[in-house]
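A.B. asks: Sending over a structure as structure tokens; questions will come in a sec.
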Amino acid sequence: MDSSKELIKTVDLLLEISSLLMVSGANTNRVNLSIDRFASALHCNTSCFISHKSIIMTVYEDNSTLSCTRVKNIPPYAINFSVISAVSKASWNAVEDHWTLEIIKNQKRYPKLVVLIAVSLAGAGFCNIFNGDYINMGVAFASTFIGLLIFQLTHREGYNVYLRIFSASLIASVLASLGIVFKLGANPETALATSILFLVPGVALINSFTDFLDNNIINGLVRYTTGLMTVLAIALGLFIAMLIFQLH
Amino acid sequence: MLTILLNLLEVAAWSGIAALGFGILFNIPKGVIPTVFILGFTAGFIKFMLMHFNIHIVLSTFIAVFFIGIICMPVAHKIHHPPVVFCIPPTIPMIPGYFAYETVLSVMNFIFMEANQAKRVELMDAIFANGFTMLFILISIAAGISLPMLLLRKNTVKKIED
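See below:
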């Protein structure tokens with residue numbers, strides 16, 4: 010009785026860790042690697058099936074017939090590299106017991122304003138990369154700022170993610186289109202092209218490619234499809250803004 | 003010569019800032035902020051320097067991203083953070099946003115606005131040229147970042163010995 014309870018605790022812990030990793034934007038190989046490290050520290054064997062929305066895991070021991078299989082649903086995705094780093098560190102310390110799940114879960118996010126300003130600066134930087142001058146960069150900064158603000162506010166209301174991406178892209182590109190209408194700066198088109206780049210699903214697409222290379226074909230396909238849906242939502246917003254202002 | 007170098011440095015600095023902005027969006031740990039900036043700066047510098055020497059944008063992007071992929075393994079061991087954390091943000095400024103924009107613009111003109119046959123052929127050319135450049139840059143980013151990880155995999159999988 011005691012040892013089966015122990016097994017249930019182990020499988021719950023491992024499931025929690027792997028679901029945290031998936032949500033934070035790790036690829037499938039990293040999730041498997043972390044599970045193996047924790048399992049070897051906890052002296053048990055695991056086999057698991059990882060998909061985009063749920064994880065099935067069996068934990069068993071070599072010297073007994075006991076095993077435990079559980080399924081965990083994965084919560085909505087929110088990329089958080091601090092969690093990945095914390096899990097990785099914990100997996101090295103797992104043998105020495107210097108960690109708890111709470112430490113991993115309590116990784117602080119940057120304040121919303123810091124994120125807004127940093128991402129808007131990134132938008133301005135993009136504009137510079139594509140030959141925009143400082144006025145264009147200002148336009149890109151402003152439209153990225155408002156677009157990301159919309160994206161954050163709609164998150165609080167719990168709208169569908171693609172709808173949120175579409176509205177953020179539409180509003181950011183409408184604002185940047187004003188720069189073209191009023192002919193601000195040398196290359197106002199660059200501001201429009203770069204104002205929506207903060208929505209680009211870079212992590213999903215890169216993870217999809219690494220998953221394909223690791224033969225996690227289904228997970229790779231799922232990530233690729235979500236990335237594609239995101240790109241379509243961004244393009245639709247840009248498209249409508251261009252139609253409104255009749256840009257050509 | 004000096005102005006070219008200064009321009010290169012400015013563009014590279016903005017690449018670093020863009021990388022950092024995305025890193026903060028992805029909530030990187032505070033300790034890797036300088037690393038992300040330096041990697042973004044270096045990658046931008048390599049890419050724009052190669053493009054200055056008339057190397058095609060696809061190849062120069064691939065080389066810059068491949069460099070990040072190679073360097074991230076020793077850096078990961080040095081600063082004790084997993085490579086994904088500081089590898090992905092510096093590659094984001096490489097994303098071909100302007101080509102994507104040009105493609106969407108040409109598609110829209112092709113469908114909704116242009117009736118002149120000769121100009122429609124020009125638009126077809128623009129759609130294919132920009133669209134495929136965008137696609138190949140994306141492929142070179144994905145391949146450049148994951149190939150070194152696969153090639154160096156043997157050194158990275160450290161098993162905990164009991």
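Keeping their order, the protein sequence lines are chains A and B.
To get our numbering, take the position in the first sequence, counting from 1, and add 9.
To get our numbering, take the position in the second sequence, counting from 1, and add 2.
By construction, the Cβ of each residue, glycine as well, lies at the ideal position given by its N, Cα and C atoms.
Nothing here was measured: the structure is a model prediction, and the numbers come from that model.
Between the segment 53–77 of chain B and chain A, which residues of the former have a C-beta closer than 8 Å to a C-beta of the latter?
C.D. replies: Listed by position, the residues of the segment 53–77 of chain B near chain A (Cβ gap below 8 Å) amount to none.
A.B. asks: Terminal residues of the continuous beta strand (DSSP E) containing residue 66/A?
C.D. replies: Walking along the first sequence from the start, residue 66/A turns up at place 57. 63–69 is the extent of the beta strand (DSSP E) around residue 66/A.
A.B. asks: Three or more beta-carbon pairs under 8 Å between the segment 15–28 of chain A and the segment 50–64 of chain A, yes or no?
C.D. replies: yes
A.B. asks: Taking the beta carbon of residue 20/B as the centre, do at least 16 other beta carbons fall within 10 Å, making it buried, or is it exposed?
C.D. replies: If you number the second sequence from 1, residue 20/B lands on position 18. Buried is the call here.
A.B. asks: In this structure, how does DSSP classify residue 32/B when only helix, strand and coil are distinguished?
C.D. replies: Stepping through the second sequence from its first residue, residue 32/B is reached at position 30. Residue 32/B falls in the helix class under three-state DSSP.
A.B. asks: Entirely within the segment 68–122 of chain A and at least 3 residues each: give me those beta strand (DSSP E) ranges in chain order.
C.D. replies: 76–82
A.B. asks: For the alpha helix (DSSP H) that contains residue 59/A, what are its first and last residues?
C.D. replies: Within the first sequence, the letter at position 50 stands for residue 59/A. Unbroken run through residue 59/A is the beta strand (DSSP E), 54–59; no alpha helix (DSSP H).
A.B. asks: From residue 161/B to residue 36/B, what does the alpha carbon distance come to, in whole angstroms?
C.D. replies: Taking the second sequence and counting its residues from 1, one reaches residue 161/B at position 159. Taking the second sequence and counting its residues from 1, one reaches residue 36/B at position 34. Note that residue 161/B scores a pLDDT of 49, beneath 50, so its modelled location is shaky; the value from the coordinates is reported in the next line. Roughly 29 Å between the two C-alpha positions.
A.B. asks: Please classify residue 123/B as buried or exposed, where buried requires at least 16 other C-beta atoms within 10 Å of its C-beta.
C.D. replies: What you label residue 123/B is simply residue 121 of the second sequence in a count that begins at 1. Residue 123/B comes out exposed.
A.B. asks: Considering residue 164/A, what are the terminal residues of the alpha helix (DSSP H) in which it resides?
C.D. replies: Residue mapping note: residue 164/A aligns to position 155 of the first sequence, counting from 1. From DSSP, the alpha helix (DSSP H) with residue 164/A extends over 143–166.
A.B. asks: Closer than 9 Å by beta-carbon distance: list the chain A residues that pair up with residue 79/B, in chain order.
C.D. replies: The sequence position of residue 79/B within the second sequence is 77, counting from 1. Result: empty, since nearest Cβ-Cβ is about 12 Å, beyond 9 Å.
A.B. asks: Going by CA-CA distance only, name the one from 150/A, 37/A, 126/A that's closest to residue 217/A.
C.D. replies: In the first sequence, residue 217/A corresponds to position 208, counting from 1. It is 37/A.
A.B. asks: What is the DSSP secondary structure of residue 216/A, reduced to helix, strand or coil?
C.D. replies: Working through the first sequence from its first residue, we reach residue 216/A at position 207. Secondary structure of residue 216/A (DSSP, three-state): helix.
A.B. asks: Pop quiz: residue 242/A and residue 23/B are said to be a contact at Cβ under 8 Å. What is the actual Cβ separation, rounded to whole angstroms?
C.D. replies: Residue 242/A sits at position 233 when you count from the first residue of the first sequence. Residue 23/B sits at position 21 when you count from the first residue of the second sequence. No, residue 242/A and residue 23/B are not in contact; Cβ-Cβ is about 21 Å, not under 8 Å.
A.B. asks: What is the DSSP secondary structure of residue 119/B, reduced to helix, strand or coil?
C.D. replies: In the second sequence, residue 119/B corresponds to position 117, counting from 1. If DSSP states are grouped into helix, strand and coil, residue 119/B belongs with the helices.
A.B. asks: Answer with yes or no whether the minimum CB distance from residue 132/B to chain A is below 8 Å.
C.D. replies: Indexing the second sequence from 1 puts residue 132/B at position 130. By the rule that beta-carbons nearer than 8 Å mark a contact, residue 132/B does not touch chain A.
A.B. asks: Closer than 7 Å by C-beta to residue 4/B: which residues in its own chain qualify, once you throw out the five before and the five after it? Chain order, please.
C.D. replies: Your numbering for residue 4/B matches position 2 in the second sequence. Excluding positions up to five away in sequence, the list is empty.
A.B. asks: Using DSSP with H/G/I as helix, E/B as strand and the rest coil, what is residue 139/A?
C.D. replies: As a working note, residue 139/A is residue 130 in the first sequence. Residue 139/A: coil per DSSP, three-state reduction.
A.B. asks: Please list the partners that residue 106/B has in chain A, where partner means a Cβ-to-Cβ separation under 8 Å.
C.D. replies: As a first step, residue 106/B is located in the second sequence; it is residue number 104 there, counting from the start. In chain order: 244, 247, 248, 251.
A.B. asks: If contacts are defined as beta-carbon pairs under 8 Å, then residue 237/A and residue 189/A qualify, I think. What distance do you get, rounded to the angstrom?
C.D. replies: In the first sequence, the residue the question calls residue 237/A occupies position 228. In the first sequence, the residue the question calls residue 189/A occupies position 180. The pair is not a contact, with the Cβ atoms about 28 Å apart (cut-off 8 Å).
A.B. asks: With a 10 Å radius around its C-beta and 16 neighbouring C-beta atoms as the bar for buried, classify residue 185/A as buried or exposed.
C.D. replies: One-based indexing of the first sequence puts residue 185/A at position 176. Counting the other Cβ atoms within 10 Å of the Cβ of residue 185/A gives 16 or more, which makes it buried.
A.B. asks: How about residue 202/A and residue 103/B: do their beta carbons lie closer than 8 Å?
C.D. replies: The residue labelled residue 202/A in the question sits at position 193 within the first sequence. The residue labelled residue 103/B in the question sits at position 101 within the second sequence. Their beta carbons are under 8 Å apart, which means residue 202/A touches residue 103/B by this criterion.
A.B. asks: Is DSSP giving residue 154/B helix, strand or coil here?
C.D. replies: Taking the first residue of the second sequence as 1, we reach residue 154/B at position 152. Residue 154/B: coil per DSSP, three-state reduction.
A.B. asks: Give, in chain order, every residue of the segment 127–159 of chain A whose Cβ lies closer than 8 Å to some Cβ of chain B.
C.D. replies: Within the segment 127–159 of chain A, the qualifying residues are 127, 128, 129, 130, 131, 132, 133, 134, 135, 137, 138, 139.
A.B. asks: So if I threshold CB-CB distances at 9 Å, which residues from the segment 186–212 of chain A count as touching chain B?
C.D. replies: Answer in chain order: 198, 199, 201, 202, 203, 205, 206, 207, 209, 211, 212.
A.B. asks: What do you reckon, are the CB atoms on residue 31/B and residue 91/A nearer than 8 Å?
C.D. replies: Here residue 31/B corresponds to residue number 29 of the second sequence, with the count starting at 1. Here residue 91/A corresponds to residue number 82 of the first sequence, with the count starting at 1. Yes, the Cβ-Cβ distance between residue 31/B and residue 91/A is below 8 Å.
A.B. asks: Any Cβ of chain B within less than 8 Å of the Cβ of residue 173/A?
C.D. replies: If you number the first sequence from 1, residue 173/A lands on position 164. With 8 Å as the cut-off, residue 173/A does not count as an interface residue toward chain B.
A.B. asks: Could one say the Cβ of residue 123/B lies closer than 8 Å to chain A's Cβ atoms, at least one of them?
C.D. replies: By 1-based counting over the second sequence, the position of residue 123/B is 121. The beta carbon of residue 123/B does not come within 8 Å of any beta carbon belonging to chain A, so the residue lies off that interface.
A.B. asks: Does residue 152/B get closer than 8 Å to chain A when you measure Cβ to Cβ?
C.D. replies: On the second sequence, position 150 is the one that residue 152/B refers to. By this cut-off, residue 152/B is an interface position.
A.B. asks: Is the CB of residue 123/A under 8 Å away from at least one CB in chain B?
C.D. replies: On the first sequence, position 114 is the one that residue 123/A refers to. Closer than 8 Å to some Cβ of chain B, the Cβ of residue 123/A qualifies, so yes.
A.B. asks: Among 135/B, 12/B, 16/B, 27/B, which has the Cα closest to the Cα of residue 122/A?
C.D. replies: In the first sequence, counting from the first residue as 1, residue 122/A sits at position 113. Nearest C-alpha to residue 122/A: 27/B.
A.B. asks: Going along chain A, which residues have a C-beta under 8 Å from residue 17/B?
C.D. replies: Locating residue 17/B in the second sequence gives position 15, where the first residue counts as 1. Neighbours of residue 17/B on chain A, chain order: 134, 138.
A.B. asks: How about residue 69/A: is its C-beta nearer than 8 Å to some C-beta of chain D?
C.D. replies: In the displayed structure, chain D is absent; the protein chains listed are A and B.
A.B. asks: Which value, in whole angstroms, describes the spacing of the CA atoms of residue 140/A and residue 148/A?
C.D. replies: As a working note, residue 140/A is residue 131 in the first sequence. As a working note, residue 148/A is residue 139 in the first sequence. Taking the straight line joining both Cα atoms gives about 14 Å.
A.B. asks: Evaluate contact between the segment 193–207 of chain A and the segment 176–183 of chain A, counting only Cβ atoms and requiring at least three cross-stretch pairs below 8 Å.
C.D. replies: yes
A.B. asks: To the nearest angstrom, report how far apart residue 111/A and residue 234/A are at their CA atoms.
C.D. replies: Position 102 of the first sequence holds residue 111/A. Position 225 of the first sequence holds residue 234/A. Rounded to the nearest angstrom, the two C-alpha atoms are 33 Å apart.
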